[in-house]
Structures are given as structure tokens and as C-alpha cells.
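Residue numbers (my numbering), protein chains in the order written: chain E, 54 to 168; chain G, 8 to 122. We put the CB at the ideal spot given by N, CA and C, even for glycine. Remember, it's a predicted structure, so these values are computed and weren't measured experimentally. Right, one structure below, let's go through it.
Listed below in C-alpha cells is the structure:
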């Protein structure tokens, strides 16, 4: 069964460093998303992406964050200068339909630890 | 505003019993979805119910939606030890037009099923 894959599964970085989290969405999906879950807290929406541009983003998704689909298969989340509070599990998701938000298919997550 | 608040926060039952989890939300929705998360893993979509539906079934799952009360319930019948996980409701808002994959998750219910 097709699945969303994410790398790395765990990354430890120093505060102020740049981090890139990678995702390979399901191949026939057109809509891509990043969510995050701080330990013990809710899963939070970061950004949605369609047709090579951001469709919607949350207040969390500030100028430190960027997304890219560099090669038609990968979908990346970059955090330019990490802060301690960026420590979280980051989930990539994809879907067949985007308008009116249907079922999302999530990856296993990338755990980011900022020291 | 808080969306998708589940109760109870934790539920412990014996195998074979039914488990009921409730979710309340505040804004107008397009649909409500339930996801499952095993510890440290990704989110798995269970079921989606649209705002014009009142009840939906999928295997041992039954979901109800009451838009007048802005609430939903997830019933798992004949529970198994393998159902042990966290369960989240997530709402897709229709406020302000079309949403693109932006789900608002609740805090979740931790279900433990004892063999």
C-alpha cells in the first residue's frame, strides 16, 4: 500500500542551525502538508502546498519556515534558524483532494530536537 | 478558540468492551475526521463524516455527528488490545471559504485496552 515516507526519523541540532526535513508523498497525490506535534500537545497545522505554491499557512509558519518541492517527488520543510521551541515531531501528509479537506495520509514523522 | 476537544482524556477498558470517545468543537465545519496514533508513530485516518451526515460506520467503528451541539462521538465496539492508541478528532472548517488540508486537532483520548 502506498505510504508517505519521511526522513530523517530523528534529528538533533544546535539552536540557530538550519534543518531540512524531507518527505516523499504518495505518488498520485497533489496536495501536501506539514503538521507538527510538540510533546504532549495537540497536532498543529503548519502549511498546505499545491501546484508549487503555498495554499494556506498558520501563524506558526513564520519567516523561519519554508517549503519546497524541488524535484517532483520530494517535499521539504526548512527551518532556517532553529529555536528551542521548534523541538517537536513534524509530520508530512498528502491527499488526493485538497479543496474542502478530505482524508490526509500521514508519514511516521521526523522528531526534531533542538539543543 | 479551541477546536476538537475530546473527552475523556484517558480511557481504560477490558478487551471485548466498547469504547466511546467524544469530541466537541466550536466553529462551523465542512467535515470531522477521526485519526488514530500509536505511541511515537504517525496518524492513521479512521473515518470522515461530512457536516450533512449524522452517522457513519466502518467495521467496528461508529461515528456520530451532531452539528447543532457541535459534537461527535467515536464508538469502537468489541475492543481488542491492538486498539490501544491515542484517538484524535480533527475538524475541517468551512469558515471563510475553502480550506486546503487545514485540520484542527483535539488533544486526543488515550485508550488502553487490557487483554
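Where the beta strand (DSSP E) containing residue 89 (chain E) begins and where it ends
84-90
Start-to-end residues for the beta strand (DSSP E) that takes in residue 69 (chain G):
68-73
Could you tell me which residues DSSP pairs with residue 142 (chain E) in its beta bridges?
E:90, E:164
Would you grab the beta carbon distance between residue 86 (chain G) and residue 30 (chain G) for me? Rounded to a whole angstrom, and I think it's under 8 Å.
With a Cβ gap of about 18 Å, residue 86 (chain G) and residue 30 (chain G) do not count as contacting.
Return helix, strand or coil for residue 124 (chain E), following the three-state DSSP convention.
coil
Taking only three categories from DSSP, how would you classify residue 88 (chain G)?
helix
Using a Cβ-Cβ cut-off of 6 Å (strictly less than) and excluding sequence neighbours within five positions of residue 108 (chain E), which residues of its own chain qualify?
101
Would you list, in chain order, the members of the region 84-99 of chain E that have their beta-carbon closer than 9 Å to a beta-carbon of chain G?
84, 85, 86, 88, 90, 94, 95, 96, 97, 98
Which bits of chain E does residue 114 (chain G) rub up against, with CB to CB less than 7 Å?
95
Where residue 137 (chain E) sits in the DSSP three-state scheme:
helix
Do three or more CB pairs link the region 154-161 of chain E to the region 62-79 of chain G at distances below 8 Å?
no
Does the Cβ of residue 105 (chain E) have 16 or more other Cβ atoms within 10 Å, making it buried, or fewer, making it exposed?
exposed
Would residue 78 (chain E) and residue 96 (chain E) qualify as a contact pair, given that the criterion is a beta-carbon distance under 8 Å?
no
Let me make sure I understand the geometry here. Which of G:118, G:117, G:73, G:82 has the alpha-carbon closest to that of residue 37 (chain G)?
G:73
Specify, as a first and last residue, the run of the beta strand (DSSP E) that residue 116 (chain E) falls within.
First-last for residue 116 (chain E): undefined, no H or E at that position.
Look at the alpha carbon of residue 75 (chain G) and the alpha carbon of residue 72 (chain E), and state the distance between them as a whole number of angstroms.
44 Å
Proximity test, Cβ basis, 8 Å: residue 114 (chain E) and chain G
no
DSSP three-state call for residue 49 (chain E): helix, strand or coil?
The structure shown does not extend to residue 49 (chain E), since chain E is modelled only from 54 through 168, so no value can be given for it.
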